[in-house]
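Novice: Dropping a structure here in structure tokens format, bear with me for questions.
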Amino acid sequence: MTTTPPSDGSGRSPGPEAGDASDFPILYEDNHLLGIVKPVNVPVQEDASGDPDLLTLLKEDLKRRYGKPGNVFLGLVHRLDRPVGGAMIFAKTSKGASRLSESVRSRSFRKLYFTVVHGAPASPSGRLKHWLLKDAKTNTVRAVRSGTPGAKEAILDYTVLGTEDGLSLLRIELLTGRSHQIRVQLSETGCPLYGDQKYGAALNKPGWQIALWSAVVGFPHPVAKEDVTLISLPPATYPWNQWPREVYQRAVRD
0 MTTTPPSDGS GRSPGPEAGD ASDFPILYED NHLLGIVKPV NVPVQEDASG
50 DPDLLTLLKE DLKRRYGKPG NVFLGLVHRL DRPVGGAMIF AKTSKGASRL
100 SESVRSRSFR KLYFTVVHGA PASPSGRLKH WLLKDAKTNT VRAVRSGTPG
150 AKEAILDYTV LGTEDGLSLL RIELLTGRSH QIRVQLSETG CPLYGDQKYG
200 AALNKPGWQI ALWSAVVGFP HPVAKEDVTL ISLPPATYPW NQWPREVYQR
250 AVRD
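So, in structure tokens, the structure goes:
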């Protein structure tokens with residue numbers, strides 16, 4: 000089963016002022032799951048900023064839509080960084096949450112992203128492997144040597160879909176799910192993400208929106224067992240609009 004938003008796939012991206020879950024297009028919903036398009040600049044969970052967070056907004060929306068009293072269960076299965084938008088799946092039952100979390104651990108949970116980077120990788124496609132170490136105090140991640148205490152292996156596959164005006168569009172398949180993984184690994188190769196102030200400040204200007212989008216989330220349904228695929232295409236704004244929509248549509252089908 001494959002689902003896409005009803006329009007161009009981008010959905011609405013209301014940004015940090017978002018305060019209503021009705022702003023978020025629903026990609027998939029049944030008794031166990033809720034799949035939505037996460038807007039950019041909305042935190043997935045409550046953070047120090049105090050801004051409205053996705054998990055709370057979605058719980059309030061479920062409570063309102065279904066007239067549920069008291070607390071509403073909604074399980075967080077995977078995460079996206081605050082500035083990143085695109086497809087996300089949540090579990091509406093504890094059984095769904097447990098089985099989806101197991102899919103993540105067993106790597107049967109598929110995560111495909113689009114990103115725009117400065118420059119171009121040395122090869123048109125390939126696999127990147129790094130060991131990443133997170134500094135919780137600064138919320139930053141860096142690549143370190145294998146065997147460094149606390150470091151975790153990070154693996155991704157990439158394909159260059161096109162290059163325009165010094166920027167390259169990449170299709171990324173995540174094989175592990177480390178914090179800031181795509182951003183750090185590509186920065187390590189000399190191709191920081193467009194708009195990424197944290198790992199590419201030398202090439203990006205303040206105010207540029209990071210060009211990273213969760214395009215495909217795929218997994219076995221936790222109860223029905225059929226394969227579910229959620230698809231969301233990035234908005235038709237710069238730098239995404241440097242490439243025709245057909246490039247994105249073909250890439251999510253491959």
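Residue numbers (numbering that gives the first Met the number 0): 0 to 253.
We put the CB at the ideal spot given by N, CA and C, even for glycine.
Take P238 as the anchor and find which of G176, N203 and L166 has the nearest alpha-carbon.
Specialist: For this step, residue 238 is matched to residue 239 along the sequence shown. Selected option, being the one with the closest Cα: L166.
Novice: In this structure, how does DSSP classify W207 when only helix, strand and coil are distinguished?
Specialist: Here residue 207 corresponds to residue number 208 of the sequence shown, with the count starting at 1. Note: W207 maps to coil in three-state DSSP.
Novice: Could you round the C-beta distance between L79 and K136 to whole angstroms and report it? I think they count as a contact, below 8 Å.
Specialist: Taking the sequence shown and counting its residues from 1, the one referred to as residue 79 is at position 80. Taking the sequence shown and counting its residues from 1, the one referred to as residue 136 is at position 137. The Cβ separation is near 22 Å, so there is no contact.
Novice: Distance check for N40 and P4, CA to CA, integer angstroms please.
Specialist: Taking the sequence shown and counting its residues from 1, one reaches residue 4 at position 5. Taking the sequence shown and counting its residues from 1, one reaches residue 40 at position 41. For P4, the pLDDT reaches just 47, beneath the cut-off of 50, and the residue's location in the model is therefore unreliable, although a value from the coordinates is still provided. Rounded to the nearest angstrom, the two C-alpha atoms are 20 Å apart.
Novice: With a Cβ-Cβ cutoff of 8 Å, do L26 and L229 count as a contact?
Specialist: Counted from its first residue, the sequence shown places residue 26 at position 27. Counted from its first residue, the sequence shown places residue 229 at position 230. The answer is yes: Cβ separation under 8 Å.
Novice: For E172 versus L155, is the C-beta spacing smaller than 8 Å?
Specialist: To locate residue 172, count along the sequence shown from 1; it is residue 173. To locate residue 155, count along the sequence shown from 1; it is residue 156. In this structure, L155 lies closer than 8 Å to E172 by Cβ.
Novice: Counting only the same chain and skipping the five closest in sequence on each side, list residues whose C-beta sits under 6 Å from that of Q44.
Specialist: Numbered from its first residue, the sequence shown carries residue 44 at position 45. Hits under 6 Å: D52 and L54.
Novice: Work out the CA separation of P120 and C258 for me, nearest whole Å.
Specialist: Lying before the first or after the last residue shown, residue 258 is absent from the chain, which here runs from 0 to 253.
Novice: In angstroms with no decimal places, state the Cα-to-Cα distance between W207 and Y193.
Specialist: As a working note, residue 207 is residue 208 in the sequence shown. As a working note, residue 193 is residue 194 in the sequence shown. Cα to Cα, W207 sits roughly 8 Å from Y193.
Novice: Let me make sure I understand the geometry here. Which of T158, T114 and E101 has the alpha-carbon closest to that of H77?
Specialist: Position 78 of the sequence shown, counted from the first residue, corresponds to residue 77. The residue with the shortest Cα to Cα distance from H77 is E101.
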